Structures are given as structure tokens and as C-alpha cells.
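The letter at position 668 of the sequence shown is residue 668 when you use the UniProt record's numbering, and the numbering goes up by one with no holes.
Here a beta-carbon is modelled for each residue, glycine too, at the ideal position from N, C-alpha and C.
It should be emphasised that the depicted structure is a prediction, and the values quoted were computed from it without experimental measurement.
Written out below as C-alpha cells is the structure these notes cover.
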Amino acid sequence: MSDKASSYTILWASQTGNAEWIAKSIHSEAKERGYVGDCLPMDVYETVGLDKVRVLIIVAANTGDGDPPDHSLKFWRFMRRNKDTGYFKSCQYTILGLGDTNYTNFNNTAKRLDRRLKDLGATSFYPKGLADDAEGLESVVDPWIEKLWDALPKVLEKNNEGSSEKVDDLAKKVEEVKIEPTNPYSPDERAKNIPPEAEKYLNLENSLVEKKKTKDHLGHALKLDFSGLQSGMQLSGMPRVPAASIKLVRLEATRPINETPSTQCVVTPAPITEASVSRVQCLTTQEAMKRTLHVELDIGEGLDYEPGDAFGVVAPNDESLVEAILERLVPSTAEAYQALYNVEGDGLPTHLQNSKSVTLADLLRNVVDLTTTPRKALLRMLADYTSNAEEKTKLIYISSKQGVAQFNSVREQVPTLLDILKTFPSCNPPIERLLDALPPHMPRYYSIASSPLKFPGKIHFAFNIIDYKNIYDVPRKGVATPWLDQLTGYVAARSTKTGNMVDVAAKSIKVPIFRKENTNAFILPSDTKRPLVLIGPGTGIAPFIGFLQHRQQQLRIRKSMGGVGTHPSRDIKKEFGDIWVYYGFRERAKDYLFEQELEEFVKDGTITNLRLAISRDEPENKTYVQDLIRKDLDKLYELIVNQDAACYVCGDAKGMAKGVNDALVEMLVQHHQLDVVAANKLLIEWMGSRKYLRDLWA
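Structural data, given as C-alpha cells:
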């Protein structure tokens with residue numbers, strides 16, 4: 001009798017859908033190879049009896065600075081509390097981590113899981129893979145999966161011989177690429193069926209017979225170099241084509257033309273609340289490099305929060321982009337906005353599980369991502385629905401190992417789905433196949449910039465409008481921030497020092513939001529005597545405005561209660577620790593966010609020391625927050641180490657957070673007599689004890 005296991009278990013922890021996608025792809029191929037097993041989200045681990053699992057494959061993403069995804073928190077609690085060092089003694093495992101080197105705690109979830117599984121008696125049968133989204137996940141994920149099939153037979157028995165087709169024989173000659181049936185509703189196919197008697201009347205002035213015009217200004221053909229693609233060359237390493245598992249089942253009912261689209265199809269980790277926009281303000285001048293908005297939402301009593309919490313905004317894809325894609329791919333855009341469908345299929349991905357009684361427009365608007373860099377598997381699938389042989393070959397080439405330079409060029413250009421369709425005009429996939437291959441459309445998260453003590457029933461938040469150009473000067477924009485700007489009426493840039501909050505309550509503007517669980521404890525310490533060091537350049541200052549409002553109101557409430565000593569004001573002040581704020585921006589006159597509020601905090605004593613790092617007022621003398629921290633190392637050592645201050649950092653993970661971390665390492669090297677390795681280790685310990693907390697984004 002074999003010592004090998006008879007089945008496997010795959011657990012995935014996903015934040016944006018990538019880990020779920022990869023885990024299910026591994027599961028699908030494992031079944032084709034003749035293996036038997038389950039593929040489940042991490043938080044339903046109780047259904048499999050973990051102590052009896054003999055082969056475990058984990059695909060784990062991260063959120064923020066190495067934090068575990070929302071859907072894995074229950075599993076993490078179980079793993080932390082489990083003290084049985086022999087719990088996994090019969091288990092052999094491997095882990096694939098999805099991380100981002102822009103963050104200090106790169107792939108922290110996978111690394112922690114690896115250590116914890118070993119602590120509880122498990123044995124690794126295949127080295128873990130640590131993929132880096134900053135460089136492209138595929139560069140690690142694809143070879144890791146390829147080698148997994150060599151390692152798996154050593155620990156797992158096949159139940160059958162699998163598919164008769166050799167699964168890993170993906171190399172093909174370019175000339176031998178088979179063209180799949182085309183989409184009969186594509187513009188190319190429909191154009192072939194125009195009667196000759198109507199053709200001559202097409203596009204004449206005032207003609208009633210007109211070819212459908214797509215919104216050309218929205219789509220931009222990508223600039224790609226195919227000089228390396230030679231006739232007859234062997235292509236290998238293409239990803240598996242996503243299985244055709246999604247079915248759109250047409251319902252008899254239709255949606256009334258004027259009915260407002262619903263967000264009922266959106267899957268979120270917490271219930272959605274419709275918040276009303278009360279007031280909006282532009283915090284920057286017309287001349288500032290970035291446009292920054294400050295928005296107040298009326299949440300009534302529907303959402304409890306404390307400073308430091310974040311919330312999700314359910315923002316739709318751009319409506320013009322949705323319409324242009326529908327015009328390209330379906331016979332009737334009017335029907336795409338009215339005909340109702342149920343999305344069905346075996347093992348529906350999480351983001352499609354609420355898609356009942358939805359229109360095609362609903363699905364493209366709220367459910368799937370149209371703007372994220374495409375996966376290779378999507379490009380490979382699109383090739384199957386490309387009628388032009390040359391275009392088809394190019395798509396397969398981009399998705400192959402030989403076309404890695406071209407795929408990287410695609411990544412650099414940050415294309416929308418429409419851009420890809422524009423680049424390959426004969427590519428016309430059915431909507432069902434797009435649902436099989438597109439990642440989920442994700443909510444956007446924002447830090448709360450207010451205190452419920454000062455603004456009960458309200459949430460404030462601030463954000464930059466994402467609007468930029470790619471490497472070829474093609475305009476690109478974000479999803480949520482331009483939508484919020486449009487929704488609130490493109491409020492004018494401030495012309496005075498403070499600007500004014502514009503009351504828009506009468507417009508009844510609604511924003512779908514939900515509360516995000518605060519997993520990294522980025523909140524104020526309960527002990528008001530504990531000093532604080534707050535470091536937040538740009539919009540990273542936003543959550544600290546909430547912190548400062550909260551401390552200000554706590555002090556006001558405490559003073560209203562009166563004192564018992566000879567000097568009550570002085571005695572009460574001792575109950576509140578010092579607060580040092582490090583805040584950076586480009587130019588004082590243009591983008592000093594929350595200037596009036598910060599000056600008031602200094603004036604009333606809420607802020608003990610406000611340190612401003614201004615990087616462009618004197619171009620020859622640029623100053624960043626980490627520069628000021630280095631100037632204050634001795635004082636910060638006294639505050640952080642000797643007085644046990646809590647240190648918070650919020651903002652950009654790429655440059656600022658690393659610079660601040662390096663400065664704190666210098667502090668410990670100079671004043672705590674540690675070497676660099678020991679200093680970094682101590683900072684990690686501080687993160688674990690919630691003394692050093694970071695809320696970062698790439």
C-alpha cells in the first residue's frame with residue numbers, strides 16, 4: 001500500500017481575486033492530470049478537517065503592508081490559537097504567495113503561514129513561491145506551477161490517468177494555430193451580412209442606414225513591437241485557456257429604461273450602505289500638480305467607526321467605457337441595458353455569486369475589471385476569438401514565454417479592455433467568455449479623516465484625483481476618484497488659503513459604501529497619556545486629521561468635567577501625551593492640505609510639534625518627511641523608546657515609507673547601539689506589538 005496521499009486540499013486567501021483565480025486554475029489542471037481534491041476559500045477550513053489533510057496547497061495574497069486578506073481572518077485566528085505542535089504532523093504542504101516589493105513586509109502572509117505550519121508539525125514538499133506584483137506575478141507564478149507538477153507525484157497518488165490530451169504539451173508552431181469560431185455578433189461578422197442594396201447608403205449624410213460607431217476616443221491601440229515574431233517559431237509556456245464555465249441565462253423580465261442601476265450584484269465583505277454626500281471641498285489650487293478633494297458623507301446611524309478606520313466605496317467602471325465595449329461586442333446596446341440574466345455555472349468565482357437578474361451593462365459596470373493590466377490567460381483566451389490569423393498569432397505570442405518583452409510592454413501601457421480590442425480589431429469574444437477570464441471589479445478603500453466625536457453621523461475623507469499619462473503619453477485615469485469628482489459636480493479649486501466646503505446635500509447624491517474591518521489596528525491607543533508620532537505626507541495626513549480631532553474632543557470633554565487639583569488645566573493636560581506630526585507636501589501655496597485645521601490644532605495645544613517638509617518651495621533644497629525625522633533622531637528616540645510613543649505612518653509605500661523606515665533604523669543604530677539587522681528586527685517586533693503601525697498603498 002502506497003504512503004502517498006489519495007487527495008489534496010487547496011486553500012486560497014484572496015483580496016483582489018488573483019489568488020482565487022490561480023488556486024482554481026491549479027485545481028482545474030490537477031483534475032485534468034488525474035488527481036482528486038478540493039479547492040476552498042481559507043475561511044471555510046472547518047469543512048475539510050485540517051488535521052486529516054495530507055497534501056495542502058495554499059495560495060495566499062496580501063493586503064496593505066503584508067496583512068492577510070479579509071477572507072482569511074477566521075483561519076488566522078485558528079492558526080494563532082492552535083497550540084498543538086503535532087496538529088499537522090501528517091500534512092505535507094506548499095505555499096504560493098502573491099505580494100508586492102513596494103511594501104516592506106513583502107509576502108508577509110505566505111512567510112508567516114510557512115513558519116506557523118512548520119511550528120504545528122507540517123512538512124514542506126515543494127519550496128514556496130513568492131510572486132511580486134511590482135514585476136508581474138506571472139514571472140514567478142507560471143514556472144512555480146509548472147514545477148509543481150513534478151513535485152506533486154512524490155506525495156500524491158493519481159486517481160485516474162486524467163485527460164487523454166497531454167496537458168503540458170502547449171508548444172505550437174505559429175502556422176498551426178487553429179482559428180476558433182468567431183462571435184457572430186461582432187462588427188466584422190455583422191458587416192458581412194449587410195444587403196448589397198443597403199451598402200451604398202451607409203454613412204451618407206442624413207442616412208437612416210448607418211454603421212455603428214464606437215467611441216473611438218476611448219480606445220487607444222497599443223504600441224507593440226513584433227519584430228521578434230518569426231514565422232515557424234516554436235511558442236511555449238502559454239497559460240491555460242480559462243475553462244468555459246460561465247453561462248448567461250436569459251430571463252423573461254426586462255429592466256425599465258429609466259430605472260437606476262443597482263449595486264445588488266456587487267459582492268462586498270460587509271453590507272453596503274447608501275451614504276449621502278453632504279459637503280465637498282477642493283483642498284488644492286488650480287496650479288497644484290494634483291487635484292485633491294475633501295468629501296463629507298452623511299451616514300446617519302448606519303455605520304459605527306473610530307479614527308483610523310477605512311471604508312470601501314463601490315464605484316462603477318466608467319459608463320462611456322462600458323458602453324463602448326458593449327457597442328463592440330453585442331448586437332444591441334439597448335438590449336444590453338434592459339435584458340436581464342442570471343449568471344450560472346459550476347464553482348462560480350466569488351465576485352459573480354450575486355449576479356442574478358442583471359443586465360450585461362451591470363456586469364461590465366460593477367462586477368468585472370475593465371482597466372487592470374490583463375492576465376496572460378485573458379490574452380490567450382482572446383486569441384481564440386480573433387478571426388484575423390495575424391492578430392491571433394500576435395495575441396498567442398504575447399501570452400507565451402517567447403513574448404515576455406511584449407507582455408511587459410502591454411503592462412507598461414496600462415491598457416483597458418477596450419484598448420486591447422482596439423489593438424486587435426478582429427477580436428470579438430462573447431461576454432460569457434469575458435466573465436470567465438476578467439478579474440473582479442474591486443471597491444476602492446479610503447481612510448476616514450474625521451472623528452465621530454466632532455462629526456457624529458458623518459464621515460470625512462480626502463483623495464487625489466487619479467489622472468495621468470502612460471509612457472506613450474496616452475491619457476489614463478482612475479476608476480473611483482474621477483467618478484466621485486463628477487458625482488460631486490467638479491467643485492472649483494480653492495482660491496483662498498482655506499477654501500470653502502460646498503453644501504451639496506440638496507442634490508441627493510448617493511455613494512454606496514461599506515465598513516472595512518480594521519485588521520492592522522491602525523487606531524488611537526486607548527491610553528490618552530501615550531505620546532504619538534504621526535507621519536503622513538500628501539493625503540497620508542487624512543487619517544491623522546481624524547486622530548487629532550478625536551484627541552481635541554477628548555481633551556475638551558475632559559476639561560468640561562473639571563479638575564480636582566489646584567491647577568486643573570495643567571493637571572488635565574498631563575492626562576494627554578505629546579503629539580508630534582510630520583507632514584510633507586510640494587508647495588505651501590498650492591497643496592498644503594488641511595492647513596487651517598492643522599494650525600488650529602497647534603494653537604489649542606492638540607499638536608505639540610508640527611514639522612512641515614516642503615519639497616518644491618525651494619527646488620534646490622527639497623525636504624521630505626524622512627529628512628526631518630533624521631534631524632530629530634535624538635528627540636524621537638526619547639519620545640518613541642523612553643516614553644513609549646506609538647508611531648504611525650500613512651501614505652506611499654514606494655519611496656516615503658521605506659525612507660521613514662530607514663530613518664528609524666538609523667535612530668536605533670545611533671541611540672540604541674544596534675546593528676542594522678537587529679534594528680530592522682526590532683521595528684518588526686514593534687509592528688507586532690502595535691507600537692509601529694503603517695497604512696500604506698503602492
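Extent of the continuous beta strand (DSSP E) to which residue 294 belongs:
What you label residue 294 is simply residue 294 of the sequence shown in a count that begins at 1. It spans 292 to 298 - the beta strand (DSSP E) in which residue 294 sits, taken as one unbroken run.
Is the beta carbon of residue 443 less than 9 angstroms from the beta carbon of residue 318?
Mapped onto the sequence shown, residue 443 falls at position 443. Mapped onto the sequence shown, residue 318 falls at position 318. Inclusion of residue 443 and residue 318 in the CB contact set at 9 angstroms is not warranted, their separation being larger than that value.
Between which two residues does the beta strand (DSSP E) containing residue 407 stretch?
Taking the sequence shown and counting its residues from 1, one reaches residue 407 at position 407. In the DSSP assignment, residue 407 falls outside any beta strand (DSSP E) and lies within the alpha helix (DSSP H) extending over 404 to 412.
Within 9 angstroms, strictly: CB atoms of residue 324 and residue 590:
Taking the first residue of the sequence shown as 1, we reach residue 324 at position 324. Taking the first residue of the sequence shown as 1, we reach residue 590 at position 590. With respect to residue 590, residue 324 sits apart: the two C-beta atoms are not nearer than 9 angstroms.
Residue(s) in a DSSP beta bridge with residue 594:
The residue you call residue 594 lines up with position 594 of the sequence shown. Beta-bridge analysis with DSSP links residue 594 to no other residue.
Distance between residue 428 and residue 10 (C-alpha atoms, nearest Å):
Start at 1 with the first residue of the sequence shown, and residue 10 comes out as number 10. Start at 1 with the first residue of the sequence shown, and residue 428 comes out as number 428. Residue 10 and residue 428: Cα-Cα distance of roughly 34 angstroms.
Looking at the unbroken alpha helix (DSSP H) that takes in residue 663, where does it start and where does it end?
If you number the sequence shown from 1, residue 663 lands on position 663. Where residue 663 is concerned, the enclosing alpha helix (DSSP H) stretches over 656 to 671.
Just verifying my parser: in three-state terms, what is the DSSP assignment at residue 220?
Numbered from its first residue, the sequence shown carries residue 220 at position 220. Coil at residue 220, not helix or strand.
Report yes or no: do the stretch 578 to 588 and the stretch 605 to 625 share at least 3 C-beta pairs separated by less than 8 angstroms?
Yes, they touch.
When the distance is taken between beta carbons, is residue 274 closer than 9 angstroms to residue 510?
Position 510 of the sequence shown, counted from the first residue, corresponds to residue 510. Position 274 of the sequence shown, counted from the first residue, corresponds to residue 274. Contact check for residue 510 against residue 274 passes: the beta carbons are separated by less than 9 angstroms.
Alpha-carbon to alpha-carbon, residue 462 and residue 501:
Counting from 1 along the sequence shown, the entry for residue 501 is found at position 501. Counting from 1 along the sequence shown, the entry for residue 462 is found at position 462. Their Cα atoms are separated by approximately 13 angstroms.
Own chain, CB closer than 8 angstroms to residue 693, minus 5 neighbours either side, in chain order:
Along the sequence shown, read from residue 1 onward, the residue named residue 693 stands at position 693. The residues are 520, 521, 522, 646, 647, 648, 649, 687.
Delimiting residues of the alpha helix (DSSP H) encompassing residue 543:
The residue given as residue 543 occupies position 543 in the sequence shown. First-last of the alpha helix (DSSP H) with residue 543: 542 to 560.
For residue 38, which three-state DSSP category applies?
In the sequence shown, residue 38 corresponds to position 38, counting from 1. Shown here, residue 38 sits in a strand according to DSSP, grouped into three states.
With distance defined between alpha-carbon atoms, name the residue in 493, 541, 5 nearest to residue 53.
Mapped onto the sequence shown, residue 53 falls at position 53. Checked all of 493, 541, 5; the closest Cα to residue 53 is 5.
How big is the Cα-Cα spacing for residue 518 and residue 332?
Here the question's residue 518 lines up with position 518 in the sequence shown. Here the question's residue 332 lines up with position 332 in the sequence shown. If you take the alpha carbons of residue 518 and residue 332, they lie about 44 angstroms apart.
Which stretch, first to last residue, makes up the beta strand (DSSP E) that contains residue 92?
Numbered from its first residue, the sequence shown carries residue 92 at position 92. Boundaries of the beta strand (DSSP E) harbouring residue 92: 92 to 99, taken from the DSSP string.
Can you list, in chain order, the residues of its chain whose CB lies under 7 angstroms from that of residue 356, leaving out five sequence neighbours each side?
By one-based count along the sequence shown, residue 356 stands at place 356. Once the five neighbours on either side are set aside, the close Cβ partners of residue 356 are 342.
Count the other CB atoms within 10 Å of the CB of residue 359; is the residue buried (16 or more) or exposed (fewer)?
Indexing the sequence shown from 1 puts residue 359 at position 359. Buried, because 16 or more other Cβ atoms sit within 10 Å of the Cβ of residue 359.
According to DSSP, simplified to helix, strand and coil, what is residue 441?
For the purposes of this step, residue 441 is taken as residue 441 along the sequence shown, with counting starting at 1. Correct three-state label for residue 441: coil.
Measuring CA to CA, which of 450, 376, 230 is closest to residue 306?
Translated into positions along the sequence shown, residue 306 becomes position 306. Closest by alpha carbon: 450.
Measuring alpha carbon to alpha carbon, tell me which of 638, 276, 622 ends up nearest residue 503.
The count along the sequence shown starts at 1 and reaches residue 503 at position 503. Distance from the Cα of residue 503 is smallest, within the candidate group 638, 276, 622, for 276.
Report all residues from its chain with a CB closer than 7 angstroms to the CB of residue 23; omit the five preceding and five following residues, and keep chain order.
To locate residue 23, count along the sequence shown from 1; it is residue 23. Answer for residue 23: 10, 12, 39, 59, listed in chain order.
Local Cβ density within 10 Å of residue 515, reported as buried at 16 or more and exposed below that
Reading the sequence shown from its first residue, position 515 is the one you call residue 515. That one is buried.
Look at the Cβ atom of residue 657, then the Cβ atom of residue 103, and state whether they are nearer than 9 angstroms.
Start at 1 with the first residue of the sequence shown, and residue 657 comes out as number 657. Start at 1 with the first residue of the sequence shown, and residue 103 comes out as number 103. Going by beta carbons, residue 657 and residue 103 fall inside the 9 angstroms limit.
With 16 other Cβ atoms within 10 Å as the buried cut-off, status of residue 168:
Counted from its first residue, the sequence shown places residue 168 at position 168. In this predicted model, residue 168 has a pLDDT of only 43, less than 50, meaning its place in the structure is not dependable; the value taken from the coordinates is given anyway. Note on residue 168: under 16 other CB atoms within 10 angstroms of its CB, so exposed under the neighbour-count rule.
What whole-angstrom Cβ distance do residue 616 and residue 587 have, given they're in contact under 8 angstroms?
For the purposes of this step, residue 616 is taken as residue 616 along the sequence shown, with counting starting at 1. For the purposes of this step, residue 587 is taken as residue 587 along the sequence shown, with counting starting at 1. About 5 angstroms; that satisfies the 8 angstroms criterion.
Beta-bridge pairing of residue 282 - partner residues as DSSP gives them
Walking along the sequence shown from the start, residue 282 turns up at place 282. Its beta-bridge partners are 293.
Own chain, CB closer than 7 angstroms to residue 661, minus 5 neighbours either side, in chain order:
Against the sequence shown, residue 661 aligns to sequence position 661. Contacts found: 104, 683.
Check whether residue 72 and residue 37 have beta carbons under 9 angstroms apart:
Indexing the sequence shown from 1 puts residue 72 at position 72. Indexing the sequence shown from 1 puts residue 37 at position 37. Between residue 72 and residue 37, the gap from beta carbon to beta carbon reaches 9 angstroms or more.
What's the C-alpha gap between residue 242 and residue 314?
Position 242 of the sequence shown, counting from 1, holds the residue named residue 242. Position 314 of the sequence shown, counting from 1, holds the residue named residue 314. Approximately 27 angstroms between the Cα atoms of the pair.
Measure the alpha-carbon distance for residue 352 versus residue 484 and round it to whole angstroms.
Within the sequence shown, residue 352 is the residue found at index 352, counting from 1. Within the sequence shown, residue 484 is the residue found at index 484, counting from 1. Their Cα atoms are separated by approximately 25 angstroms.
Opening and closing residue of the alpha helix (DSSP H) in which residue 112 lies:
Within the sequence shown, numbered from 1, the residue matching residue 112 stands at position 112. Segment 108 to 119, the alpha helix (DSSP H) holding residue 112.
Where residue 46 falls: helix, strand or coil (DSSP):
Along the sequence shown, read from residue 1 onward, the residue named residue 46 stands at position 46. When secondary structure is reduced to three states using DSSP, residue 46 falls in the helix class.
Kindly indicate which three-state DSSP category residue 714 falls into: helix, strand or coil?
One cannot answer for residue 714 here, as it falls past the ends of the chain, which runs 1 to 698.
May I ask you to report which of helix, strand or coil DSSP gives residue 522?
Here residue 522 refers to the residue found at position 522 when the sequence shown is read from its first residue. If DSSP states are grouped into helix, strand and coil, residue 522 belongs with coil.
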